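Heads up, the thing below is written out as structure tokens.
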Amino acid sequence: MLAPKNLPQEFTTWNIQHKAPEGPYWWVKVVRGRNFAWRNRYNLPPWLIRQIGPFGFQLNSLARSFEYPWCFFATPLEAGMQVLEVGAGSSGFQFVLAKSRLEVTSVDPLINPSKQVNWIFTAEQFNNLNQAFGGKVNFIQDFLQNAQLERDTYDRVFSISAIEHIPPEEIAPLVQEIARILKLGGFFIATIDLFMDCYPFTDKISNKYGSNISVCSLIEASGLKIKVGNPDELCGYPEFKPENICKQLEKFLVVKNVGDKSPILTQCIVLEKVT
């Protein structure tokens, strides 16, 4: 499926509760634009970090106003579940999961794929955030394929607009590792950007954020069963027609990042481990 234009009220309420997707108004409009304050955001005192909230420390696309609550509500979550987020960076979603009494592991190599995008922070800076929000996230600075996690361990694995940023040849090994570490009956919940300035909408292969991956190939490589996802709206499926997407843009959540001219849509899938 593609994220719809209109947010459910439940999502709006969730965003207000957690100050998602980019922190409170005063932080976004006043402080975040000041270079000194923004550069030193990870070193703020814990009480101020908590006032800003978990989503105020990473620049986020406004598409996250849909993605974060959608991922949270896409499958039932219960206290004590083992969950993992891939490529979380310093995003607040992992901290919300921990606050919801889930056992959270976050895996990110902390590698910036583009010098034009400021995604870098240190493990020490992450720990400052983690401690301010309760110290409940187990952070692993590595690629998931190298993390040597035990098989059949996790009830849920999340990936929020991360997969499209990795090299295409790494996608199959990544999703196969996700399938390996999921418990039987566990779910992989993912959102994937759909760039309208890249192939198959144009001849351009990639932009500074990444490229349009074949979601069909991703699902086939994973060996997981699709539970949520419409092939008409997932890149790589024969049913996916770029011209049809362009004709229906008014139905979908369309976001343009600051300084960019081309719109971005959000693909959403839930996959289940059945064997």
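Residue numbers for the sequence shown follow my numbering, beginning at 477 and rising by one. Note that the Cβ used here is the ideal one computed from N, Cα and C, for glycine as well. Values in this document were obtained by computation on a predicted structure and should not be read as measured data.
Pairwise C-alpha distance: residue j and residue i
i	j	result
Gly705	Ala623	29 angstroms
Gln607	Ser541	25 angstroms
Tyr518	Asn720	44 angstroms
Lys575	Trp502	24 angstroms
Leu725	Trp523	42 angstroms
Pro707	Pro530	34 angstroms
Lys495	Arg577	19 angstroms
Arg627	Lys680	38 angstroms
Cys722	Ile668	18 angstroms
Ala513	Leu520	9 angstroms
Pro718	Ile636	23 angstroms
Lys727	Phe615	37 angstroms
Ala479	Thr488	14 angstroms
Phe677	Asn683	13 angstroms
Glu646	Ala539	25 angstroms
Phe548	Asn511	32 angstroms
Val593	Ala638	Residue confidence for Val593 is low, a pLDDT of 48 falling below 50, so the modelled location carries little weight and cannot support an answer.
8 angstroms Cβ cutoff met for residue i and residue j
i	j	result
Val613	Phe571	yes
Val633	Leu650	no
Gly712	Cys744	no
Glu653	Met477	no
Ala666	Ala697	no
Gly563	Ile528	no
Arg526	Phe609	yes
Sequence-distant residues of the same chain with beta carbon closer than 8 angstroms to residue i, five excluded per side
i	result
Val750	Leu660, Gly661, Leu700, Lys701
Val730	Lys481, Pro739, Ile740, Leu741
Inter-residue CB distance, residue i and residue j (contact presumed, cutoff 8 angstroms)
i	j	result
Gly565	Asp584	6 angstroms
Pro643	Ile689	Not really, about 10 angstroms apart at Cβ, beyond 8 angstroms.
Gly556	Glu579	7 angstroms
Phe533	Leu605	6 angstroms
Pro545	Trp490	4 angstroms
Asn421	Pro497	A question about residue 421 goes unanswered here, because the residues of the chain that appear run from 477 up to 751.
Contacts around residue i, its chain only, beta-carbon distance under 6 angstroms, and the 5 residues preceding and following it disregarded
i	result
Gln601	Tyr518
Leu560	Thr581, Tyr630, Val633
Gln617	Leu586, Ala599
Pro589	The predicted position of Pro589 is uncertain, since its pLDDT is 49 and thus under 50; a value taken from the coordinates is nonetheless stated next. Hits under 6 angstroms: His641.
Lys732	Pro739
Nonlocal neighbours in the same chain, by C-beta distance under 7 angstroms from residue i, ignoring five residues either side
i	result
Ala550	Ile665, Val704, Val746
Ala655	Ser698, Gly699, Leu700, Lys749
Gln674	Reading off the sequence, residue 674 comes out as Cys, not Gln. Only Lys680, Ile681, Ser682, Asn683, Ser687, Asn688 meet the Cβ criterion.
Whole runs of the alpha helix (DSSP H) within the region 520-562, excluding any shorter than 4 residues: 522-528, 540-549
Continuous alpha helix (DSSP H) assignments of at least 4 residues falling wholly in the region 618-692: 647-657
Whole alpha helix (DSSP H) elements within the region 479-523, 4-residue minimum: 485-494, 511-515
Whole alpha helix (DSSP H) elements within the region 707-738, 4-residue minimum: 718-723
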